[in-house]
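First to last, the protein sequences are chains A and B.
One point on numbering: in my numbering, the residue at position 108 of the first sequence is 108, and numbering is uninterrupted.
Each position in the second sequence, counted from 1, maps to that position plus 144 in my numbering.
2 protein chains.
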Amino acid sequence: MPHRDESVETIQQEMTAFARRARATAARMHPELSLVSYTLLAHLDDQQGCRATDLAAHYLLDKSTVSRQIAALEKLGFVERRVDPEDQRVQVLHPTEKGAQVLANVTASRRQAFHERLADWDEDDLNRFATYLRRYNAAQERLG
Amino acid sequence: MPHRDESVETIQQEMTAFARRARATAARMHPELSLVSYTLLAHLDDQQGCRATDLAAHYLLDKSTVSRQIAALEKLGFVERRVDPEDQRVQVLHPTEKGAQVLANVTASRRQAFHERLADWDEDDLNRFATYLRRYNAAQERLG
DNA sequence: AATCCACGTTGTACTATACAACTACCTCTA
DNA sequence: TAGAGGTAGTTGTATAGTACAACGTGGATT
Chain A
1 MPHRDESVET IQQEMTAFAR RARATAARMH PELSLVSYTL LAHLDDQQGC
51 RATDLAAHYL LDKSTVSRQI AALEKLGFVE RRVDPEDQRV QVLHPTEKGA
101 QVLANVTASR RQAFHERLAD WDEDDLNRFA TYLRRYNAAQ ERLG
Chain B
145 MPHRDESVET IQQEMTAFAR RARATAARMH PELSLVSYTL LAHLDDQQGC
195 RATDLAAHYL LDKSTVSRQI AALEKLGFVE RRVDPEDQRV QVLHPTEKGA
245 QVLANVTASR RQAFHERLAD WDEDDLNRFA TYLRRYNAAQ ERLG
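Following this line, the structure appears as structure tokens:
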């Protein structure tokens, strides 16, 4: 059984390796929707629409970044804006039919990739791994 | 106990969330050395020097990307090049004294951050989490 | 020697990102 | 109710990271 420090070291190394690779892998697998666009579109779908500001706050992105990402998604016809009648400043963002479709495709294909990677894991291990990841991310959010 | 699919779904979500955040977090914590530069420099340190081509192959980066990263590290005085006397085309890259110093600092501070995030984990959980991450990354390397 | 291959650099282009300045609009207060 | 101040979003500008293609130089093979 390795000492605590060794495990932490491994976790650090593996998380770093993963982070380094993730975007490129995602981009290779889904040229039509980057990791960030995917995430934003998924959030819109999940929340049944929200504001650019909410996306920025939720994902710790600058509002200008979100503005441009959304502009790109709109240009692709994946997102539409509906001005809030209550407050003319606000645009509520929604996936379009087409956007929802693409999102569904990418989600399915991502899900399949994960299933393949995890195919030979048994159910207990999967469950524990999922729990650990949630715990780790929660701690990271808490501590910055 | 969640079903297999739910665990996979959680793993996917959490890995994605982590990947999205990682670079920005690293950049905030260590403005002096990006996640990529850090990784490259650490590899040089670890391997006691290697070629740009080796870095590119190991990290799946284009050689031009590595070339520019190394150029930047050299400009900062963190890396030096030694032309291989056996083959004039080859430059063996090494961290400088200064580079090794900075690397050590960043490593220490990253390690501390991980220790903080994982402070309230018990030893068994840490060990299992480390094992799972290694296994996951190995599978990802295998399957692309 | 001629050809081919390996190593690295440079030109070019694109994406993601931040910060700052700006416009338009809302809200609150004197 | 007019002005002050705050909020939502866009645009200008700059930077980092990345890839691909074209190239130069030097080693290896035939």
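In this text, a Cβ means the ideal position worked out from N, Cα and C, and glycines have one as well.
field: Rounded separation between residue 211 of chain B and residue 133 of chain A - CA only
entry: 35 Å
C-alpha distance - residue 124 of chain A paired with residue 241 of chain B, whole-angstrom precision: 47 Å
query: Any idea what DSSP makes of residue 220 of chain B, helix, strand or coil?
result: coil
task: Out of B/182, B/154, B/285, B/223, point me to the one whose CA is closest to residue 253 of chain B's CA.
output: B/182
Residue-level contact to chain A via CB, residue 155 of chain B, 9 Å cutoff: yes
- request: Output the boundary residues of the beta strand (DSSP E) element that contains residue 236 of chain B.
  value: 235-239
field: Any chain B beta carbon closer than 9 Å to residue 67 of chain A
entry: no
query: What are the start and end residues of each continuous alpha helix (DSSP H) run of 4 or more residues lying completely inside the region 12-68 of chain A, in chain order?
result: 35-47, 52-59
- prompt: Which first and last residues belong to the alpha helix (DSSP H) in which residue 270 of chain B is found?
  reply: 267-287
Contact set for residue 63 of chain A: own chain, Cβ-Cβ below 7 Å, skip 5 residues either direction: 52, 53, 56
- prompt: Excluding five sequence neighbours on each side, which residues of the same chain lie with their C-beta closer than 7 Å to the C-beta of residue 10 of chain A?
  reply: none
message: Please report the straight-line C-alpha distance between residue 140 of chain A and residue 46 of chain A, rounded to a whole angstrom.
response: 23 Å
query: Are there 16 or more other CB atoms within 10 angstroms of the CB of residue 168 of chain B, so buried, or fewer, so exposed?
result: exposed
query: Can you find at least 3 beta carbon pairs, one from the region 21-36 of chain A and one from the region 160-178 of chain B, that sit closer than 8 Å?
result: yes
query: Does any C-beta atom of chain B lie closer than 9 Å to the C-beta of residue 137 of chain A?
result: yes
field: chain A contact for residue 250 of chain B (CB, 9 Å cutoff)
entry: no
query: Does residue 208 of chain B come within less than 9 Å of chain A when only Cβ atoms are used?
result: no
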